[in-house]
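See structure below.
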Amino acid sequence: MDWIGVSEAARVLGVSETRVRKLLRQGALRGRRVSGVWLLDPASVEQRRREAPTVGQTVTPAHAWAVLAAATLLDRQEQSGLSGLLAAVPVAGSARQRLRENLSSAPDADGWSRWLAGRAVRRSYVLDRAGTYRLADDGRVSLGGPRGLARAGEMTSPVGDAIDVYVPEGSVDAVVAAHGLSEDAVGNLALRVVSASVPAALAPIPGRPAPAAACLVDLLDRPDTGDADSATDRLGQILERVRRLTGRGA
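Under full-length UniProt numbering, think of the first position of the sequence shown as 1, with each following residue one higher.
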């Protein structure tokens, strides 16, 4: 048998490496440690891929932010019924019906990064510590990831060197120029460009933290920061509420 590594298993499953290791610890995937490194049974990985709920197509930017708005409300437990939840999200007509459909077909929490990838186009840059503070205070950006949660008072753990920001499509060139940013494939800065097609009522507000659900999905994209597991758990709790409201719960 040709065993595969954690990174390959994560690619096949469309989840983070942190999530793969958690599945191994839970016994949901078969593997073994060789010299301290996990190796996985490819048949087990393939079985997990087939049995996992399908994510389907990535939703459009506007629909992604509608889902994130609904998920943020559920995270705060501000809505007790589906009708009230749909009414609280600033969408109407066919967009509201699409939101209902998207919530009803939501994948498992560890698939939300791929499902909601359309929320923004990610660019990667390297930024030193002083630069991260300057960028975090730029009124044209909305903090995401761990720093967004920390600024909103929803995360107390150290935020490390990683920084995620959301920037409106119309402001991105000015922000990049102002901070002298140069793209780097493995940089610590994830600059997420929000399409101009996203209604202002749904898009992150510059100068304020991004919606909590968006920050949690950002953490899924950073498996090495140690926060992906906690984000998956919290999104899982949101998903349980979604499924109860849409009739998919136990």
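Note that beta-carbon positions come from the ideal geometry of N, C-alpha and C, so glycine has one too.
Taking C-beta separations shorter than 8 Å and ignoring five residues to either side along the sequence, the partners of P61 in its chain run G118, R119, A120, V194, S195, S197 and V198, following chain order. Within the same chain, P209, A210 and C215 come within 6 Å of G148 by CB-CB distance, once the 5 residues on both sides are set aside.
Secondary structure at W115: helix, using DSSP grouped into helix, strand and coil. Using a Cβ distance threshold of 8 Å, W38 and R21 count as a contacting pair.
Secondary structure within the stretch 54-100: not one fully enclosed beta strand (DSSP E) run of 3 or more consecutive residues is present. If the five residues before and after A136 are omitted, its C-beta is found closer than 7 Å to the C-beta atoms of L143, R147 and I163, all from its own chain and listed in chain order. Just so you know, the alpha carbons of V12 and D41 end up roughly 13 Å apart.
Here the alpha carbons of A130 and S105 stand approximately 42 Å from one another.
For the 8 Å CB-CB criterion, R122 and V175 do not form a contact. Below 8 Å, too few C-beta pairs join the stretch 23-33 and the stretch 75-87 to call them touching: fewer than three. Under the three-state reduction of DSSP output, R151 falls in the helix class.
With contacts defined as CB atoms closer than 8 Å, V15 and G111 qualify as a contacting pair. G207 sits exposed, since fewer than 16 C-beta atoms from the chains shown fall within 10 Å of its C-beta. If you keep only unbroken alpha helix (DSSP H) runs of at least 4 residues inside the stretch 143-225, you get 145-151, 172-178 and 212-220. The beta carbon of R49 sits closer than 7 Å to the beta carbons of V12 and L13 from its chain, once the five residues preceding and following it are set aside; these are given in chain order.
Burial is judged here by how many other beta carbons sit within 10 angstroms of a residue's own beta carbon; A87 has fewer than 16 and is exposed.
Residue nearest to L189 within the set D218, R243, I205 and G153 is D218 (criterion: CA-CA distance).
Take the alpha-carbon of V67 and the one of V242: they are about 11 Å apart. For V34, the three-state secondary structure derived from DSSP is strand.
Membership of R123 in the beta strand (DSSP E) is indicated by the continuous run V121 to Y125.
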